[in-house]
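First up is the structure itself, then whatever we jot down about it.
2 protein chains.
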Amino acid sequence: MSSLKDIAAITGTSVRTVSRALNDNGYVKAALKIEILKVAKDLDYRINLMAQSLRTKKSFLIELVCPIGADYARNMPKVEAFEEKMREEGYRVSLFLLRDIENSLSKDMDVILCQNPSGIALFHFSKIDLMVKKLNDCNLPYITLGHTEKKIDKVGMDRKKGIQSALKHFQDKGRKRIAYLGNEKPKHYYGKVRLNAYLSYMKKAKLKPLILNIPTTKDNFNIARTIGKKVSLKTLPDGVLAYSDSAALGFMQGLQSRGVKFPEDISIIGFNASQAGEVSNPPLSTIAHPNEAIGTISAEILLAKIKGQKEPKAGWSRELPPVLLLREST
Amino acid sequence: MSSLKDIAAITGTSVRTVSRALNDNGYVKAALKIEILKVAKDLDYRINLMAQSLRTKKSFLIELVCPIGADYARNMPKVEAFEEKMREEGYRVSLFLLRDIENSLSKDMDVILCQNPSGIALFHFSKIDLMVKKLNDCNLPYITLGHTEKKIDKVGMDRKKGIQSALKHFQDKGRKRIAYLGNEKPKHYYGKVRLNAYLSYMKKAKLKPLILNIPTTKDNFNIARTIGKKVSLKTLPDGVLAYSDSAALGFMQGLQSRGVKFPEDISIIGFNASQAGEVSNPPLSTIAHPNEAIGTISAEILLAKIKGQKEPKAGWSRELPPVLLLREST
DNA sequence: TTGTATGCGTTATCAA
DNA sequence: TTGATAACGCATACAA
Chain S
23 MSSLKDIAAI TGTSVRTVSR ALNDNGYVKA ALKIEILKVA KDLDYRINLM AQSLRTKKSF
83 LIELVCPIGA DYARNMPKVE AFEEKMREEG YRVSLFLLRD IENSLSKDMD VILCQNPSGI
143 ALFHFSKIDL MVKKLNDCNL PYITLGHTEK KIDKVGMDRK KGIQSALKHF QDKGRKRIAY
203 LGNEKPKHYY GKVRLNAYLS YMKKAKLKPL ILNIPTTKDN FNIARTIGKK VSLKTLPDGV
263 LAYSDSAALG FMQGLQSRGV KFPEDISIIG FNASQAGEVS NPPLSTIAHP NEAIGTISAE
323 ILLAKIKGQK EPKAGWSREL PPVLLLREST
Chain H
23 MSSLKDIAAI TGTSVRTVSR ALNDNGYVKA ALKIEILKVA KDLDYRINLM AQSLRTKKSF
83 LIELVCPIGA DYARNMPKVE AFEEKMREEG YRVSLFLLRD IENSLSKDMD VILCQNPSGI
143 ALFHFSKIDL MVKKLNDCNL PYITLGHTEK KIDKVGMDRK KGIQSALKHF QDKGRKRIAY
203 LGNEKPKHYY GKVRLNAYLS YMKKAKLKPL ILNIPTTKDN FNIARTIGKK VSLKTLPDGV
263 LAYSDSAALG FMQGLQSRGV KFPEDISIIG FNASQAGEVS NPPLSTIAHP NEAIGTISAE
323 ILLAKIKGQK EPKAGWSREL PPVLLLREST
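So the sequences go chain by chain: S and H.
The first sequence lines up with residues 23 to 352 when you count with this note's numbering.
The second sequence lines up with residues 23 to 352 when you count with this note's numbering.
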């Protein structure tokens, strides 16, 4: 690997001049500059980022922290959009996998911090608040991509708007008996948000709410399928808004085995745009995360923080409208 | 951020001594060492990797290059295993997304190279041979995770073994009329490998080969579904080995709509363990990539290259036996 | 057992 | 328009 020194030696000039020529800062005689550029090319010169960062104290490196085993099919589109924006602005993005959060989070944080990143982006994980506290202590800008209940700066989806647009879609299609398939007594924050959005919409629309209760949050698919197999065909809704895609899919399979047709008899919309919904029969309409927007906007916010812009009155966090992905189940 | 200098100043000693104490190399009086460690902790000292790398000319950084829009659900398990092995050995792994390969590959390579990585790992992309050539020129160790036809060092799946184990499974279950659902005149290397593996196994087993031809490689699902809808029920096979999961799924849907039962009437196995096959009805048996092994072993090989071990007689590349993932379609 | 001095490749100050 | 020189934080040869 060649360095400025090598180029200086060959061109019979000084390191400083080579630096000036290569970085286009300061005056260099035209002919000399051309020669320096040529030699640099011949030597296949590439700047040493280590040295540059050490000297300037700016790494232009963003660590993107992601817990292992995440739903990559859902997260990576966000990462791609985030990285694209960052690269446009001259930053490199490095994905850091968080493995054993319980036992080695603080060691992992050291590894992240000792690279002197310019900023940190995070996906949600269990001890994220610990990490955020540390980042604040270090005065290191951060942003979280996607959901988390904690009081931290995040760019996520506006779930209420998602529910509303789905319900409106049902109404536009003339459906009246619109049910909510999900937990009727949600413990988690986002479960409550969804249920409340449903209830308040139904109230405003003067429609009677109907809840198909899924008691737990685990194994949605099988529970929903059982519900589909047992629910009375007489009181069947004509529109179903499901808590998740897997619940929707299970419910659909359960009823299909009894001869109910989707979407002719029942129109159904899931939540979260899982891959399974793409290839189900019929393909499932779903409320999808606005992945690109989340990626791009979280990058913009992180850049604003890095550049030292002051926090907006409304705070850094943003809730973006979701995408209603209409396929063939509605 | 504090440095060795800061610690030296506080403890009234020299940078050299602090370095010795922190890195456990050389003699430091026990009491002094304890004090230094304490001060380091108080200051929340973290080594500056930029400076360390600059000095030692070793970055312990692996760039993992991945084309954008890849099948992350399939690739990330490989990445996780790769990263785990690398981290055990003290290396950091950074994911580099390749966006516009046609136009900006050489610029991207510069970005990768100017970080002075210790090694490079690659997923397959269209101009991978260009990149590999450059890496060889720079004397930078690399390994490729997964398939590629090019003559480059890779760790992939032994497709022939996969086909064989699937066909053996059919035989064990007493199936005799085993068909291959795929292109009968494959243009691509791996298409040929699969077809030939099927044909030679059938020959050896003295079974009559039967090919359900999918003429193109695109839109497998719909073409296979059409085949399923039109194929004569009289000459139906009792076992089907499909070129891909989506072909298997399409074929299954086409025949299910005509009342054929899986796996009672036909046993079917796909290829590549797509997410769709997990939630199909019935869930699809499939030949899966040995992701963990590919990740771990490619890390081991790259480490061997980095450490300057000499190439084995058989070359660096490896073909690993696949995993026959038995679900409910067989 | 500890300290001094040098260099890695870059940028930046200041003088020529 | 150009060039010494210092400094970033660390590792190491060598001296004490």
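C-beta: ideal position from N, C-alpha, C; glycine also.
- Assignment of beta-bridge partners to S:Val115 by DSSP yields S:Ile84.
- In the DSSP assignment, S:Ile165 forms a beta bridge with S:Ala143.
- Exclusion of the five residues before and after H:Lys27 leaves Val37 as the residues of its chain whose Cβ lies within less than 7 Å of its Cβ.
- Comparing alpha carbon positions, the residue from H:Gly184, H:Gln193 and H:Asn244 closest to H:Ala219 is H:Gly184.
- Taking the beta carbon of H:Ile90 as reference, the chain S residues within 8 Å of it are Glu102, listed in sequence order.
- Of the residues H:Ile328, H:Gln186, H:Ile316 and H:Asp241, the one whose Cα lies closest to the Cα of H:Leu217 is H:Gln186.
- Per DSSP, the continuous beta strand (DSSP E) segment holding S:Tyr202 begins and ends at Ile200 to Gly204.
- Straight-line spacing of the CA atoms in S:Asp159 and S:Ala336 works out to 22 Å.
- Going by DSSP, H:Ser307 is part of the beta strand (DSSP E) stretching over Ser307 to Ala310.
- Within the region 101-120 of chain H, those residues whose Cβ lies closer than 9 Å to any Cβ of chain S are, in chain order, Val101, Glu102, Glu105, Glu106, Arg109, Arg114, Val115, Ser116, Leu117, Phe118 and Leu119.
- When DSSP states are grouped into helix, strand and coil, H:Asn235 belongs to the strand group.
- With contacts defined by Cβ atoms closer than 9 Å, S:Val87 and S:Ile134 form a contacting pair.
- Burial is judged here by how many other beta carbons sit within 10 angstroms of a residue's own beta carbon; S:Thr257 has fewer than 16 and is exposed.
- Residues of the region 51-71 of chain S that bring their beta carbon within less than 9 Å of a beta carbon in chain H comprise Asp66, Arg68, Ile69, Asn70 and Leu71, in sequence order.
- With contacts defined by Cβ atoms closer than 9 Å, H:Ala298 and S:Ala298 form a contacting pair.
- As the crow flies, the alpha-carbon of H:Tyr223 is around 8 Å from that of H:Leu189.
- For H:Tyr94, the residues of chain S that pass the 7 Å Cβ criterion are Tyr94, Ala95 and Met98, in the order they occur in the chain.
- Check the Cα spacing between S:Lys155 and each of S:Ala143, S:Ile291, S:Gln278 and S:Ile174: the tightest is with S:Ile174.
- When C-alpha distances from S:Ser254 are compared across S:Leu271, S:Tyr265, S:Leu277 and S:Pro285, the shortest belongs to S:Leu277.
- Fewer than three Cβ pairs drawn from the region 90-105 of chain H and the region 34-49 of chain H lie within less than 8 Å of each other, which leaves the two stretches out of contact.
- Neighbours of S:Val37 in chain H, taken as residues whose beta carbon is under 9 Å from its own, are absent, since the nearest beta carbon is some 16 Å off.
- Comparing alpha-carbon positions, the option among H:Lys79, H:Arg280, H:Arg199 and H:Thr170 lying closest to H:Asp151 turns out to be H:Thr170.
- Judged by DSSP in its simplified three-state form, S:Ser148 adopts coil rather than helix or strand.
- The DSSP assignment places 232-235 and 261-264 as complete runs of the beta strand (DSSP E) inside the region 224-291 of chain S, in order along the chain (cut-off: 3 residues).
- In the three-state DSSP reduction, H:Gly317 falls in the helix class (H, G or I).
- Contact between the region 120-136 of chain S and the region 92-100 of chain H is absent: fewer than 3 CB-CB pairs across the two stretches fall below 8 Å.
- When the five nearest sequence neighbours on each side are left out, the beta carbons in the same chain lying within less than 8 Å of the beta carbon of H:Ala315 are those of Ala103 and Leu342, in order along the chain.
- Inclusion of S:Ile165 and S:Leu203 in the CB contact set at 9 Å is not warranted, their separation being larger than that value.
- Judged by their CB atoms, S:Ile249 and S:Ala270 are not nearer to each other than the 9 Å cut-off.
- Residue burial is scored here from C-beta neighbours: S:Pro99 has at least 16 other C-beta atoms within 10 angstroms and is therefore classed as buried.
- For H:Leu65, there is no enclosing beta strand (DSSP E), as DSSP marks it with neither H nor E.
- Chain-ordered, the chain S residues with CB closer than 8 Å to the CB of H:Asp132 read Arg68.
- Distance from the CA of H:Lys225 to the CA of H:Lys198, rounded to the nearest whole angstrom, comes to 13 Å.
- Taking 9 Å as the cut-off, the beta carbon of H:Asn303 is found no closer than this to the beta carbon of H:Gly272.
- H:Gln186 has a beta carbon lying at 9 Å or more from every beta carbon in chain S.
- Contact of S:Asn138 with chain H by beta-carbon distance below 7 Å involves Asn70 and Met72.
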